[in-house]
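In our numbering, the protein residues as written are 295 to 708. For every residue, glycine included, the Cβ atom is placed at its ideal position computed from N, Cα and C. Keep in mind the model is a prediction, meaning the values are calculated, not measured.
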Ligand SMILES: Cc1cc2nc3c(=O)[nH]c(=O)nc-3n(C[C@H](O)[C@H](O)[C@H](O)COP(=O)(O)O)c2cc1C
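Listed below in structure tokens is the structure:
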């Protein structure tokens with residue numbers, strides 16, 4: 295019986311346990327979780343989503359408070375173009391988040407940062423460049439380009455001295471998206487070091503429409519693998535989305551995957567950033583309690599627990615404090631939805647906005663309970679306490695279970 299540990303991921307001169315813990319913003323895949331994956335010889339991701347906000351939590355900085363103070367005059371206005379991020383402060387926050395994480399790294403593994411293009415921050419190109427360059431400056435081992443096609447992202451950072459030595463990868467959900475990325479990046483003379491192929495059962499935002507159920511990770515993976523081979527490109531492929539056991543992972547390794555990326559199982563680890571009461575919601579959930587909806591203002595469908603407090607909450611947009619999803623003209627789909635409801639119900643004390651959510655605020659408060667499709671199986675990965683609650687797991691336990699289990703078995707904690 296083969297185990298994941300019978301395989302190794304080769305990235306340049308690195309030889310790694312082929313388990314990648316995926317990025318989970320905002321600070322759900324914490325530095326502690328990523329460090330644990332690296333300590334065990336795999337790859338862990340921190341996320342660059344809302345880094346100033348995360349830095350305030352981690353290091354007691356005051357980026358959010360200060361930004362709100364600076365733009366307080368604009369809170370009641372629906373025009374948010376004026377609310378800009380200070381690039382110097384953004385670099386400073388990224389330096390703290392990445393630098394401190396890298397200083398703490400132990401073991402043979404690597405730490406990457408998940409970098410979302412849809413985090414447009416009122417100045418998409420400038421903020422993306424500042425974030426990636428600052429992560430590279432502060433020693434990140436690799437950057438995974440996520441949530442977007444990233445057609446210009448390699449060109450944005452090609453002058454960075456580490457452009458050719460750091461590991462750079464991209465997440466795609468189709469062969470077409472990969473082909474487009476390679477075509478547009480060709481001018482930089484650099485291929486990605488790895489490609490994560492994310493299928494429709496993943497957590498977070500999906501690279502599919504609401505017809506996601508028609509797609510299948512194995513099929514997309516095979517199509518990309520065959521094309522890569524035909525083109526004689528030697529790019530390691532890393533499938534993700536619904537890989538729940540070591541045996542699921544081995545099946546992909548046998549098909550030619552270089553590693554697997556997993557996330558949902560780690561949402562119930564002690565190192566994960568979710569508060570414990572939310573983790574208990576993840577444990578308790580059943581298949582019918584999970585949905586894919588379109589409330590994210592990014593325009594991408596997102597999977598989450600139906601009981602997420604973010605659904606239907608009609609709070610005033612918080613762009614002066616956050617504003618991570620403002621596009622280049624200072625708009626966000628939530629602002630439009632909120633203003634529509636205000637106009638329809640001018641006297642309402644409490645508004646409900648059903649079609650969009652203020653994702654920044656709700657991710658910041660851990661009120662958007664995004665998860666992979668198999669979150670309903672999490673209860674089968676642990677033991678119940680006498681009071682009916684579920685026991686959290688250590689990231690090490692989950693990592694080792696992926697690494698060493700066979701026969702679709704899941705090891706329960708002692
Ligand atoms: C709670 C949660 C948050 C996530 N956030 C992000 C994110 O910020 N960026 C991203 O690229 N992927 C995100 N993902 C996707 C994961 O990185 C990963 O690719 C995917 O969930 C793997 O499938 P699995 O959860 O079934 O193992 C998230 C997943 C979860 C469960």
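Please return the same chain residues whose Cβ sits closer than 6 angstroms to the Cβ of residue i, not counting the five positions on each side in sequence.
{"i": "residue 340", "result": "325, 328, 395, 407"}
{"i": "residue 547", "result": "301"}
{"i": "residue 616", "result": "654"}
{"i": "residue 321", "result": "348, 567"}
{"i": "residue 541", "result": "702"}
{"i": "residue 550", "result": "519"}
{"i": "residue 374", "result": "613, 620, 624"}
{"i": "residue 296", "result": "544"}
In the DSSP output, what is residue i paired with across the bridge?
{"i": "residue 678", "result": "684"}
{"i": "residue 306", "result": "Looking at the DSSP assignment, residue 306 forms no beta bridge with any residue, so it has no partner."}
{"i": "residue 410", "result": "440"}
{"i": "residue 771", "result": "Any answer about residue 771 is impossible in this case: the structure gives the chain only from 295 up to 708."}
{"i": "residue 405", "result": "338"}
{"i": "residue 466", "result": "491"}
{"i": "residue 598", "result": "585, 664"}
Counting only the same chain and skipping the five closest in sequence on each side, list residues whose C-beta sits under 7 angstroms from that of residue i.
{"i": "residue 671", "result": "538"}
{"i": "residue 599", "result": "575, 579, 583, 584, 663, 665"}
{"i": "residue 631", "result": "647, 649, 650"}
{"i": "residue 305", "result": "461, 487, 488, 530"}
Excluding the five sequence neighbours on either side, which residues of its own chain have a C-beta within less than 8 angstroms of the C-beta of residue i, listed in chain order?
{"i": "residue 706", "result": "675, 676, 677"}
{"i": "residue 403", "result": "310, 311, 331, 332, 333, 334, 335, 336, 337, 338"}
{"i": "residue 323", "result": "315, 316, 317, 338, 339, 340, 341, 408, 557, 560, 566, 567"}
{"i": "residue 504", "result": "586, 588, 595"}
{"i": "residue 668", "result": "495, 536, 538, 558"}
Give me the Cβ distance between residue i and residue j, rounded to the nearest whole Å; I'm assuming they're in contact under 8 angstroms.
{"i": "residue 319", "j": "residue 415", "result": "Wrong, their Cβ atoms sit about 13 angstroms apart, outside the cutoff."}
{"i": "residue 711", "j": "residue 490", "result": "Coverage of the chain is limited to positions 295 through 708, which leaves residue 711 absent and any answer about it impossible."}
{"i": "residue 521", "j": "residue 485", "result": "Contact flag wrong, Cβ pair sits at about 14 angstroms."}
{"i": "residue 345", "j": "residue 388", "result": "5 angstroms"}
{"i": "residue 451", "j": "residue 492", "result": "Not quite, the Cβ-Cβ distance comes to about 22 angstroms (not below 8 angstroms), so this is no contact."}
{"i": "residue 368", "j": "residue 377", "result": "6 angstroms"}
Uninterrupted alpha helix (DSSP H) stretches inside the region 481-564 (no shorter than 4 residues): 511-524, 540-548
Could you tell me whether the region 324-334 touches the region 556-569, where touching means 3 or more Cβ pairs closer than 8 angstroms? yes
Should the region 475-487 be regarded as contacting the region 640-649, the criterion being three or more beta carbon pairs within less than 8 angstroms? Segments in contact, no.
Within the region 602-652, note down every full alpha helix (DSSP H) run reaching 4 residues or more, in order along the chain. The region 602-652 contains these whole alpha helix (DSSP H) runs: 627-638.
Given 8 angstroms, three or more beta-carbon pairs between the region 601-611 and the region 422-435: no
If you scan the region 310-341 from start to end, which runs of the alpha helix (DSSP H) of 4 or more residues do you find wholly inside it? List check, alpha helix (DSSP H) in window: 325-333.
Three or more beta-carbon pairs under 8 angstroms between the region 589-599 and the region 682-690, yes or no? no
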